[in-house]
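The opening position of the sequence shown corresponds to residue 10 in the numbering used here, with each subsequent residue numbered one higher.
Just so you know, even glycine gets a beta-carbon here, dropped at the ideal spot from N, CA and C.
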Amino acid sequence: MHDTLLLFGATGDLAQRYLFPSLLRLQGDGLLPEDFRVRALALSPHDTEKFRGILRERFASLPHYSPTAEQVEQFLARVDYRSVDMRTPASVAEAVGDLVDRRCVSYLSIPPGLYISTCKAPAWLGGALKAPNRLMLEKPIGADLDSAREINATIGGLIDEDRIFRIDHYLGKAAVQNLLALRFGNTLLEAVWNRTYIDSVNILVSETEGVDGRNSYYARSGALRDMVQSHILQLLCLVAMEPPASLAADRIRDEKVKVLRALRPFSASEAKRHSVRGRYIAGTIDGDAVQAYTPPDDSDVETFVGVTAHIDNWRWAGVPFHLVTGKRMAERSTVVTVTLKPVSHWLFERPDGAHHAAPNRLTFRLQPQEDIELGLMSSLGRPGMGHAGTAAAGTGTVLGNRPEPPHRLRTPVPGRAARQPRPVRAQRRGRGRSAWIDSVVDGWKRGDAPLQYYPAGTWGPREAAAYLPAQFDAVGHPVGRGG
Ligand code: BG6
Numbered sequence: 010m011h012d013t014l015l016l017f018g019a020t021g022d023l024a025q026r027y028l029f030p031s032l033l034r035l036q037g038d039g040l041l042p043e044d045f046r047v048r049a050l051a052l053s054p055h056d057t058e059k060f061r062g063i064l065r066e067r068f069a070s071l072p073h074y075s076p077t078a079e080q081v082e083q084f085l086a087r088v089d090y091r092s093v094d095m096r097t098p099a100s101v102a103e104a105v106g107d108l109v110d111r112r113c114v115s116y117l118s119i120p121p122g123l124y125i126s127t128c129k130a131p132a133w134l135g136g137a138l139k140a141p142n143r144l145m146l147e148k149p150i151g152a153d154l155d156s157a158r159e160i161n162a163t164i165g166g167l168i169d170e171d172r173i174f175r176i177d178h179y180l181g182k183a184a185v186q187n188l189l190a191l192r193f194g195n196t197l198l199e200a201v202w203n204r205t206y207i208d209s210v211n212i213l214v215s216e217t218e219g220v221d222g223r224n225s226y227y228a229r230s231g232a233l234r235d236m237v238q239s240h241i242l243q244l245l246c247l248v249a250m251e252p253p254a255s256l257a258a259d260r261i262r263d264e265k266v267k268v269l270r271a272l273r274p275f276s277a278s279e280a281k282r283h284s285v286r287g288r289y290i291a292g293t294i295d296g297d298a299v300q301a302y303t304p305p306d307d308s309d310v311e312t313f314v315g316v317t318a319h320i321d322n323w324r325w326a327g328v329p330f331h332l333v334t335g336k337r338m339a340e341r342s343t344v345v346t347v348t349l350k351p352v353s354h355w356l357f358e359r360p361d362g363a364h365h366a367a368p369n370r371l372t373f374r375l376q377p378q379e380d381i382e383l384g385l386m387s388s389l390g391r392p393g394m395g396h397a398g399t400a401a402a403g404t405g406t407v408l409g410n411r412p413e414p415p416h417r418l419r420t421p422v423p424g425r426a427a428r429q430p431r432p433v434r435a436q437r438r439g440r441g442r443s444a445w446i447d448s449v450v451d452g453w454k455r456g457d458a459p460l461q462y463y464p465a466g467t468w469g470p471r472e473a474a475a476y477l478p479a480q481f482d483a484v485g486h487p488v489g490r491g492g
């Protein structure tokens with residue numbers, strides 16, 4: 010059993026917001042080995058006491074968990090801190106040299122530009138990467154296809170592939186895993202899951218959080234690389250992939266890779282026509298005023314993306330996948346909306362006087378509340394009905410729901426993380442996730458796609474309305490669910 014976590018990037022957003030709280034919970038559930046310890050590593054010149062104080066404060070206000078003071082102190086006793094300059098292998102070697110004989114998991118929660126120098130540290134070559142030790146890499150792995158390949162090639166030369174774990178934390182969310190069960194466990198869905206019946210798919214990940222405190226990372230990545238390249242394309246794969254032969258990690262990844270390879274790359278003019286980039290300005294969220302995002306060095310980076318992807322294969326030809334994500338939006342929400350085609354001939358009158366069919370819509374809400382909603386046409390008594398008491402299509406039928414569960418796969422220590430993304434070197438040249446994202450960025454550059462601004466607390470720029478599911482209004486608020 011691995012007993013030591015070398016956590017690089019320990020002061021960063023991910024470590025503070027997710028990794029340390031998850032470790033604390035694991036301890037509470039009795040899942041940490043008795044002699045488990047964490048070496049927290051980051052550039053800040055803290056000492057162990059100061060760093061423990063930072064964690065103590067963080068643990069006092071966790072959203073879903075209230076540990077006792079004793080649990081917190083027990084956990085903090087496992088953690089020590091070293092300041093390290095990850096650009097310098099000697100500094101890394103000094104910071105972890107005393108631990109390399111333990112069974113280590115090294116977690117790189119750091120900007121991808123530091124992966125190679127960190128992994129090349131002499132101490133690692135001598136110890137921390139040897140079997141059975143493991144290496145975990147947090148997305149994004151590289152800034153584009155070429156840098157992703159370089160990272161994978163270099164790191165692949167230092168440690169065996171089966172001991173490298175590439176993490177996309179969305180794949181650890183129970184609601185995201187549930188998408189697989191819903192798709193492949195229900196005849197009802199599988200029967201209509203293709204271009205004959207499906208009109209469009211929307212994947213929306215909106216956040217109320219801003220960029221705060223992550224300026225230097227975010228100014229280089231932007232919403233496209235931070236969210237679309239990773240989490241949203243993973244969701245798209247789960248919605249679009251063919252049924253895998255089994256639930257083995259490799260079988261699932263094989264099917265996802267096929268989807269990514271089938272993503273149609275953009276030309277410059279298409280990227281401009283089929284996407285919107287935005288950035289939030291000052292606004293109000295939950296009654297609190299929030300400031301505009303001002304990136305350093307006049308960076309042109311976006312905090313909002315709306316983009317329409319096409320998957321060129323038999324199942325999905327002609328079905329648009331509208332992908333939307335943004336920071337400082339009206340609410341925190343992760344929703345996959347599948348809109349079916351209307352019936353071919355509409356018999357009923359609608360209360361709004363329209364005589365055309367309204368489509369069925371299947372809504373998978375993954376965050377903050379997990380629920381599934383099916384908009385169905387029904388004639389069961391609804392007040393104010395028109396002809397023959399026929400109800401408007403789109404009656405919201407909640408099929409099941411549960412509150413957002415804790416992040417249960419944030420278990421960076423034991424066990425195989427089966428649901429990892431596949432390394433980019435397995436992608437064929439010119440097609441795949443990084444290649445598709447690069448084609449969007451390239452199109453933005455060559456097609457001169459300007460930033461559109463939106464006030465914090467809204468659903469993004471007006472120009473993004475077409476990318477949002479129909480139940481959302483681009484500037485204001487959702488206009489009703491399921492309808
Ligand atoms: C991270 C991104 O990967 O995911 C963050 O870097 C984002 O910018 C976060 O806030 C969102 O994760 P979640 O689990 O809060 O939806």
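Where residue i falls, given that 16 or more other Cβ within 10 Å makes a residue buried
i: R96; result: exposed
i: G287; result: buried
i: N203; result: exposed
i: K148; result: buried
i: N142; result: buried
i: L146; result: buried
i: V422; result: In this predicted model, V422 has a pLDDT of only 35, less than 50, meaning its place in the structure is not dependable enough to derive any value.
i: T196; result: exposed
i: V34; result: At residue 34 the sequence reads Arg, which differs from the Val that was named. That one is buried.
i: R337; result: buried
i: G62; result: exposed
i: K454; result: exposed
i: Q378; result: exposed
i: L356; result: exposed
i: H354; result: exposed
i: V407; result: At V407 the pLDDT is 49, less than 50, meaning the model places this residue with poor confidence; the figure from the coordinates comes in the next sentence. Answer is exposed; the Cβ neighbour count stays below 16.
i: R262; result: buried
i: S215; result: buried
i: T312; result: buried
i: D44; result: exposed
i: P42; result: exposed
i: M250; result: buried
i: M386; result: buried
Beta bridge counterpart(s) of residue i as assigned by DSSP
i: T348; result: S209 and R370
i: G315; result: V285 and V333
i: T196; result: Bridge partners of T196: none, in fact.
i: A49; result: L16 and Y90
i: R143; result: V114
i: M95; result: Looking at the DSSP assignment, M95 forms no beta bridge with any residue, so it has no partner.
i: S342; result: S215
i: I320; result: L272
Cβ-heavy atom distance, residue i to the ligand BG6, below 8 Å
i: R223; result: yes
i: E340; result: no
i: V314; result: no
i: M386; result: no
i: K182; result: yes
i: M8; result: Here the chain comprises residues numbered 10 to 492, so residue 8 is not present and cannot be evaluated.
i: M236; result: yes
i: Q80; result: no
i: Y524; result: Nothing can be reported for residue 524, as the shown portion of the chain is limited to 10 through 492.
i: K350; result: no
i: E472; result: no
i: Y124; result: no
i: Q376; result: yes
i: T20; result: no
i: Y302; result: no
i: Y74; result: no
i: Y116; result: no
i: S31; result: no
i: V310; result: no
i: L23; result: yes
i: V214; result: yes
i: E379; result: no
Inter-residue CB distance, residue i and residue j (contact presumed, cutoff 8 Å)
i: T348; j: R370; result: 5 Å
i: Y124; j: I176; result: 13 Å between Cβ atoms; not a contact.
i: A157; j: S443; result: 5 Å
i: A49; j: V88; result: 6 Å
i: K281; j: A458; result: 5 Å
i: G231; j: S118; result: About 19 Å; that fails the 8 Å criterion.
i: T334; j: V314; result: 6 Å
Check: residue i C-beta below 8 Å from any heavy atom of the ligand FMN
i: S70; result: Ligands in the displayed structure: the ligand BG6; the ligand FMN is not one of them.
Query - Segments assigned beta strand (DSSP E), at least 3 residues, entirely inside the stretch 444-469 - result: You should have 460-464.
Query - 4-residue-minimum alpha helix (DSSP H) runs that sit fully inside the stretch 226-308, ordered along the chain - result: 242-249, 258-271 and 277-282
Requested in this report: Tell me the start and end of each unbroken beta strand (DSSP E) in the stretch 152-191 that is at least 3 residues and wholly inside, in chain order.
Outcome: 173-176
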